[in-house]
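> Numbering (this note's numbering), first residue to last: 222 to 378.
C-beta atoms are modelled at their ideal positions from N, C-alpha and C, and glycine is treated no differently.
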């Protein structure tokens with residue numbers, strides 16, 4: 222890839238630079254803490270992980286699929302349960318998040334696509350805007366997960 226903007230977008234989506242990466246936030250997240258919420262916290266780690274996955278999938282599909290229909294807001298962007306229904310559900314959500322992130326990075330890396338062209342089904346949104354929104358959204362919630370994790374671990378000590 223020879224386009225510096227695209228390279229910066231891929232790095233930003235990865236969490237490199239000033240942002241924490243998904244791997245840093247999620248690696249070895251204790252399974253016993255995934256459905257817990259300290260007093261005053263708005264969400265559990267499971268709720269945040271699923272919200273990240275769903276929102277990222279929605280942004281990716283909006284960016285590449287003209288027939289995509291977004292979930293209803295806000296209920297369609299959050300899981301119904303406070304904790305993962307199984308160990309497999311957590312792992313599956315992590316894998317889907319990683320796959321969709323890789324797909325979005327491939328999309329912004331594709332030099333045949335115009336980063337500045339309005340998306341055909343949007344209201345002026347561009348691929349560049351969607352990549353920036355996704356990076357911002359992911360960064361925000363990954364920060365929440367890290368803070369939540371620190372609170373939960375500290376409460377166990």
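Would you give the residue range spanned by the alpha helix (DSSP H) that residue 344 belongs to?
Taking the chain shown and counting its residues from 1, one reaches residue 344 at position 123. That residue, residue 344, is in no alpha helix (DSSP H); it is neither H nor E in DSSP.
> In chain order, what are the residue ranges of uninterrupted beta strand (DSSP E) at least 3 long that sit wholly in the region 296-350?
Complete beta strand (DSSP E) runs here, min 3: none at all.
> Using alpha carbons as the reference points, say which of 317, 349, 337, 373 lies closest to residue 277.
Within the chain shown, residue 277 is the residue found at index 56, counting from 1. Here the closest residue by C-alpha is 317.
> What first and last residue would you give for the alpha helix (DSSP H) that runs through residue 243?
Reading the chain shown from its first residue, position 22 is the one you call residue 243. Per DSSP, residue 243 belongs to the alpha helix (DSSP H) from 243-247.
> According to the neighbour-count rule (16 or more other Cβ atoms, all chains shown, within 10 Å of its Cβ), is residue 271 buried or exposed?
Within the chain shown, numbered from 1, the residue matching residue 271 stands at position 50. Residue 271 comes out buried.
> Could you tell me which of 244, 311, 360 sits nearest to residue 267, measuring between CA atoms?
In the chain shown, counting from the first residue as 1, residue 267 sits at position 46. Answer by Cα proximity: 311.
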